[in-house]
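Asks:
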Ligand code: CMC
């Protein structure tokens, strides 16, 4: 088929030029707008990182205050949005609720439909950042059958989300600074990762000039899959499965190596990182710190550590350059914070949102940007004549 070449899974095809995130898979390097994630995670805040990704520079004191002020002013959801949750089944997966409600925001903000209207682009950005934590907390409330808790704009971004999620009208609620700080860091570490599946989805949908809500909703659905952001939930389920079968790590590793029923070591492997995932390095030590600061011990952490140790010294994993990725230890931290497994990928989505938004803006503003339209190698029958139904 002429000049068309097959590149399964886009392993070697750059679809875009981007100035947002630098990733060196061999060196285990990840930088947002040139800043190493290690520094941002240690010194920065999530909102500051969001500003950096979207605007290209770290905010000044005034810019930061204005940004925070704008984001907090839009945290409330239209009251009619609440009714969507009434319609969802109680056991609905929160990721399905998240993508549906984000998509539904485009019915409330119809002025946002023209992606070339700069003012509307800005408003959609602020609305998404402001409302996603509220949407996520409402999804959690639906699952546990509690009344929704409205946002409070005197609180910080992460504080507000935690309060909307875990507080109930019947009791006092106290924010734990350990949890606030750890969640803020985790969100920073998830904030962008160049052309991963969900981000490329956002860009591909956006390339048709679909609005930002529609594009981000598609990204949330792409993130949900267990090979992508859904891996954090799958890791926890895998650890619980191993625990239920007597914590036998050797047998599990053997199953993975034999590819028994397609069993994989979830939270391991990455398309681009071939030595280590720099996010996983930070998160592994955070898991220890957070669990001990919260005074929680978790047998699942021991299982995870043993799994990692076995895998890293096993030829199967060494030859294939499989290392723990960002999702291997996050679930253990989220669990210690009190989140159910089904909320883990929602937390990934909250973190990834600024990256999706930044990439959507970059795509729309790129001069000569074209609609995304991959080619294919056709493998079907070349041509045949129609056969009347009686003769088939
Ligand atoms: N457990 C066991 N074997 C694996 C794993 C794993 N987790 N990952 C890859 N392999 C094997 C795979 O079977 C293949 O072996 P063989 O050559 O014998 O067929 C070889 O390693 C190469 O794998 P691949 O599937 O071609 O690699 P990929 O680049 O297409 O996939 C991946 C990358 C992340 C989807 C994959 O490693 C995987 O499925 N990991 C488990 C799911 C997971 O943790 N995903 C989170 C990724 S990081 C978060 C994010 O999405 O940003």
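Residue numbers (full-length UniProt numbering): 38 to 429.
Ideal placement from N, C-alpha and C gives every residue a C-beta, glycine not left out.
The structure displayed is predicted, hence computed values, not measured ones.
Collect the residues with a C-beta less than 6 Å away from any heavy atom of the ligand CMC and give them in sequence order along the chain.
Replies: Checking every Cβ against the heavy atoms of the ligand CMC under 6 Å gives 46, 230, 233, 264, 265, 266, 268, 293, 301, 302, 303, 304, 305, 306, 307, 308, 357, 359, 362, 363, 364.
Asks: Which residue comes first and which comes last in the beta strand (DSSP E) that contains residue 58?
Replies: Translated into the one-based positions of the chain shown, residue 58 becomes position 21. Looking at the DSSP string, the run of the beta strand (DSSP E) that includes residue 58 is 58-61.
Asks: Given a threshold of 16 other Cβ atoms within 10 Å of its Cβ, counted over all protein chains shown, does residue 346 qualify as buried or as exposed?
Replies: In the chain shown, the residue the question calls residue 346 occupies position 309. Exposed, because fewer than 16 other Cβ atoms sit within 10 Å of the Cβ of residue 346.
Asks: Counting only runs that start and end within the segment 193-270, where is the alpha helix (DSSP H) found for 4 or more residues in a row?
Replies: Whole alpha helix (DSSP H) segments, 4+ residues: 194-203, 214-227, 234-243, 249-261.
Asks: Drop a sphere of 10 angstroms on the beta-carbon of residue 112, count the other beta-carbons inside from all chains shown, and report buried for 16 or more, exposed for fewer.
Replies: Walking along the chain shown from the start, residue 112 turns up at place 75. Counting Cβ neighbours within 10 Å, residue 112 comes out buried, since at least 16 surround it.
Asks: Cutting at 6 Å between CB atoms, please list the residues of its own chain near residue 246, excluding the five before and the five after it.
Replies: If you number the chain shown from 1, residue 246 lands on position 209. Correct list, in chain order: 152.
Asks: Would you mind giving the Cβ-Cβ distance between residue 280 and residue 368, rounded to the nearest angstrom? I have them listed as a contact below 8 Å.
Replies: Taking the chain shown and counting its residues from 1, the one referred to as residue 280 is at position 243. Taking the chain shown and counting its residues from 1, the one referred to as residue 368 is at position 331. Actually they are not in contact, since the Cβ atoms of residue 280 and residue 368 sit about 13 Å apart, beyond 8 Å.
Asks: Is the Cβ of residue 188 closer than 7 Å to any Cβ of chain D?
Replies: No chain D is part of this structure, which consists of one protein chain only.
Asks: Determine the closest residue to residue 233 out of 261, 176, 73, with distance taken between C-alpha atoms.
Replies: Numbered from its first residue, the chain shown carries residue 233 at position 196. The shortest C-alpha separation from residue 233 is found at 261.
Asks: Can you have a look at residue 421 and say buried or exposed, based on whether 16 or more other CB atoms are within 10 angstroms of its CB?
Replies: Your numbering for residue 421 matches position 384 in the chain shown. Exposed, by the Cβ-count rule.
Asks: Along the chain, which unbroken stretches of the beta strand (DSSP E) at least 3 residues long are found entirely within the segment 92-163?
Replies: Fully enclosed beta strand (DSSP E) runs of 3 or longer: not present.
Asks: For my contact list, residue 344 and residue 390 are in at a C-beta cut-off of 8 Å; report their separation, rounded to the angstrom.
Replies: What you label residue 344 is simply residue 307 of the chain shown in a count that begins at 1. What you label residue 390 is simply residue 353 of the chain shown in a count that begins at 1. The Cβ separation is near 30 Å, so there is no contact.
Asks: Enumerate in chain order the residues of its own chain whose CB-to-CB distance from residue 412 is below 6 Å, with the five nearest sequence positions on each side excluded.
Replies: Start at 1 with the first residue of the chain shown, and residue 412 comes out as number 375. If we look at residue 412 and ignore the five residues flanking it on each side, its Cβ neighbours are 41.
Asks: If residue 256 and residue 401 are in contact, beta carbons under 8 Å, what's the gap, nearest whole angstrom?
Replies: To locate residue 256, count along the chain shown from 1; it is residue 219. To locate residue 401, count along the chain shown from 1; it is residue 364. About 15 Å; that fails the 8 Å criterion.
Asks: What is the residue span of the beta strand (DSSP E) that residue 67 lies within?
Replies: Mapped onto the chain shown, residue 67 falls at position 30. Its beta strand (DSSP E) spans residues 66-69.
Asks: Contact check, residue 205 vs residue 221 under 8 Å by CB: the rounded distance?
Replies: Position 168 of the chain shown, counted from the first residue, corresponds to residue 205. Position 184 of the chain shown, counted from the first residue, corresponds to residue 221. Not a contact, Cβ separation roughly 23 Å.
Asks: Does the segment 165-178 touch the segment 127-146, meaning 3 or more C-beta pairs lie closer than 8 Å?
Replies: Touching, yes.
Asks: Beta-carbon within less than 6 Å of residue 88's beta-carbon, same chain only, minus the 5 sequence neighbours each way: which residues are those?
Replies: Along the chain shown, one-based indexing puts residue 88 at 51. 96, 104.
Asks: Please state whether DSSP places residue 425 in a helix, a strand or coil.
Replies: Numbered from its first residue, the chain shown carries residue 425 at position 388. In the structure shown, residue 425 sits in coil (DSSP, three-state: anything other than H, G, I, E or B).
Asks: Would you say residue 364 and residue 272 are within 7 Å of each other, going by their C-beta atoms?
Replies: Residue 364 sits at position 327 when you count from the first residue of the chain shown. Residue 272 sits at position 235 when you count from the first residue of the chain shown. Cβ atoms of residue 364 and residue 272: closer than 7 Å.
Asks: Note down, one range per segment and in chain order, each alpha helix (DSSP H) of at least 4 residues found wholly within the segment 302-344.
Replies: Fully enclosed alpha helix (DSSP H) runs of 4 or longer: 315-330.
Asks: Which term fits residue 180, buried or exposed, when burial requires 16 or more other beta carbons within 10 angstroms of its beta carbon?
Replies: The residue labelled residue 180 in the question sits at position 143 within the chain shown. So residue 180 counts as buried.
Asks: If you measure between the beta carbons of residue 304 and residue 362, is that distance less than 7 Å?
Replies: Indexing the chain shown from 1 puts residue 304 at position 267. Indexing the chain shown from 1 puts residue 362 at position 325. In this structure, residue 362 lies closer than 7 Å to residue 304 by Cβ.
Asks: Apart from the five residues just before and just after residue 240, which ones in its own chain have a Cβ nearer than 6 Å to its Cβ?
Replies: Numbered from 1 along the chain shown, position 203 holds the residue referred to as residue 240. Closer than 6 Å at the Cβ level, and outside the excluded window around residue 240, lie 396, 400.
Asks: Going by DSSP, what residue range makes up the alpha helix (DSSP H) through residue 407?
Replies: As a working note, residue 407 is residue 370 in the chain shown. Taken as a continuous stretch (DSSP letters only), residue 407 belongs to no alpha helix (DSSP H), as it is neither H nor E.
Asks: Per DSSP, what kind of secondary structure is residue 72 in: helix, strand or coil?
Replies: Your numbering for residue 72 matches position 35 in the chain shown. Here residue 72 sits in strand by DSSP.
Asks: Suppose the cutoff is 7 Å on Cβ atoms and the five residues either side in sequence are ignored; what does the same chain contact list for residue 331 look like?
Replies: To locate residue 331, count along the chain shown from 1; it is residue 294. Excluding residues within five positions, the ones whose Cβ falls inside 7 Å are 215, 373.
Asks: Taking the C-alpha atoms as reference points, what is the distance between residue 249 and residue 150?
Replies: Taking the chain shown and counting its residues from 1, one reaches residue 249 at position 212. Taking the chain shown and counting its residues from 1, one reaches residue 150 at position 113. Going by the C-alpha atoms only, they are around 8 Å apart.
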